[in-house]
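Residue numbers (the UniProt record's numbering): 1 to 228. Beta carbons are placed, not taken as given, at the ideal position from N, Cα and C, and that holds for glycine.
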């Protein structure tokens with residue numbers, strides 16, 4: 001039995017102090033940060049979140065979207081990414097109703113150069129991607145993988161490496177859309193992007209076996225890296 005099934009659902013929004021709820025929009029970055037941290041602390045204490053009414057998370061998701069996209073303070077952004085991870089982990093498949101409003105915003109943050117932001121972002125990407133079918137991720141993911149920013153390309157290839165590692169099977173629709181883009185990145189001018197792309201292809205091989213070869217024609221010179 002999944003340990004998750006033994007946990008009680010908890011309405012952490014009701015437990016979140018009203019002062020903190022207001023402070024997510026404070027002009028003071030410390031108050032915004034503390035507000036998100038207080039909510040994430042509740043999620044850590046009560047990891048299985050209430051699904052009785054999904055509307056209770058709507059305002060929080062709106063605030064997360066704004067902060068992740070536009071807040072200039074990295075500490076606030078990191079705190080918001082932690083809350084996003086907590087929501088996705090705490091709601092599991094029920095979080096999928098928020099994919100369309102948040103996925104592109106989180107992907108766009110992959111261009112951030114700050115290591116602390118990228119670490120929190122990686123956790124959020126992993127958590128959100130586990131809540132829905134991969135086909136819902138495909139369009140925006142391919143679009144952001146194709147952007148010229150090297151940090152974004154490396155971050156998202158690393159995300160795909162972790163994503164494929166966690167799967168037991170892979171959707172061919174998802175593979176056919178994503179892998180040709182990753183194959184191109186395995187020949188990128190940036191060595192960090194090349195390495196991340198090859199790693200993600202290597203993890204895809206675990207799922208596809210020889211089926212991956214159909215995607216690798218443009219990459220025959222890099223094949224040795226994938227075999228490692």
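Legend entry - Distance, residue 131 Cα to residue 207 Cα: Whole-angstrom Cα-Cα distance: 20 Å.
Inset, instruction - Could you pull out every residue in the same chain whose Cβ sits closer than 6 Å to the Cβ of residue 151, ignoring the five residues on either side in sequence? - result: In chain order, 111 and 113 place their CB closer than 6 Å to the CB of residue 151, counting only its own chain and leaving out the 5 sequence neighbours on each side.
Inset, instruction - State buried or exposed for residue 217, treating a residue as buried only when at least 16 other CB atoms are found within 10 Å of its CB. - result: Taking all protein chains shown into account, residue 217 has fewer than 16 neighbouring C-beta atoms within 10 Å of its C-beta and is therefore exposed.
Inset, instruction - Just the C-alpha distance for residue 65 and residue 195, rounded to the nearest angstrom, thanks. - result: So the alpha carbons of these two residues sit roughly 31 Å apart.
Inset, instruction - Report all residues from its chain with a CB closer than 7 Å to the CB of residue 90; omit the five preceding and five following residues, and keep chain order. - result: 43, 47, 48 and 49.
Legend entry - C-beta atoms of residue 178 and residue 160 nearer than 8 Å: Yes.
Legend entry - Rounded separation between residue 74 and residue 210 - CA only: If you take the alpha carbons of residue 74 and residue 210, they lie about 43 Å apart.
Inset, instruction - Have a look at residue 149 and residue 6 and give me their C-alpha separation to the nearest angstrom. - result: So the two alpha carbons sit approximately 44 Å from each other.
Inset, instruction - Below 7 Å CB to CB, which residues in the same chain sit around residue 125 once its five sequence neighbours on both sides are set aside? - result: Taken in chain order, the residues that qualify are 106 and 159.
Inset, instruction - Decide yes or no for the touch test of the region 80-97 against the region 137-146: beta carbon pairs closer than 8 Å, at least 3 of them. - result: Result no; under three Cβ-Cβ pairs closer than 8 Å.
Legend entry - Buried versus exposed, by CB contacts within 10 Å (16 or more), residue 33: With 16 or more other Cβ atoms within 10 Å, it is buried.
Inset, instruction - Indicate whether residue 197 and residue 212 have their beta-carbon atoms separated by less than 8 Å. - result: Cβ distance not < 8 Å, so residue 197 and residue 212 don't count as in contact.
Inset, instruction - Give the C-beta separation of residue 61 and residue 13 to the nearest angstrom, bearing in mind that I take them to be a contact with Cβ-Cβ under 8 Å. - result: Not quite, the Cβ-Cβ distance comes to about 11 Å (not below 8 Å), so this is no contact.
Legend entry - Integer Cβ distance of residue 25 from residue 63, believed to fall under 8 Å: That belief holds up - the Cβ atoms of residue 25 and residue 63 are roughly 7 Å apart, short of 8 Å.
Inset, instruction - Determine, using beta carbons only, whether residue 128 and residue 77 come nearer to each other than 8 Å. - result: Going by C-beta atoms, residue 128 is not nearer than 8 Å to residue 77.
Legend entry - residue 203 burial status per 10 Å Cβ neighbour count (16 or more: buried): Label assigned to residue 203: buried.
Legend entry - Extent of the continuous alpha helix (DSSP H) to which residue 98 belongs: Boundaries cannot be given for residue 98, as no alpha helix (DSSP H) includes it and DSSP labels it neither H nor E.
Legend entry - Distance, residue 20 Cα to residue 108 Cα: Rounded to whole angstroms, the gap between the alpha carbons of residue 108 and residue 20 is 27 Å.
Legend entry - Cutoff 8 Å: residue 161 Cβ touching any chain C Cβ: Annotation note: the requested chain C is absent from the structure, which comprises a single protein chain.
Inset, instruction - Kindly indicate which residue of 30, 11, 15 and 200 has the alpha-carbon position closest to the one of residue 54. - result: Proximity to residue 54 across 30, 11, 15 and 200 peaks at 11, based on C-alpha coordinates.
Inset, instruction - Identify the continuous alpha helix (DSSP H) that holds residue 86 and give its terminal residues. - result: Secondary structure note for residue 86: its alpha helix (DSSP H) is the uninterrupted segment 74-91.
Legend entry - Simplified DSSP assignment, three categories, for residue 24: Looking at residue 24 - three-state DSSP - the assignment turns out to be coil, as it is neither helix nor strand.
Inset, instruction - Using DSSP bridges, identify the partner residues of residue 10. - result: According to DSSP, residue 10 bridges with 49.
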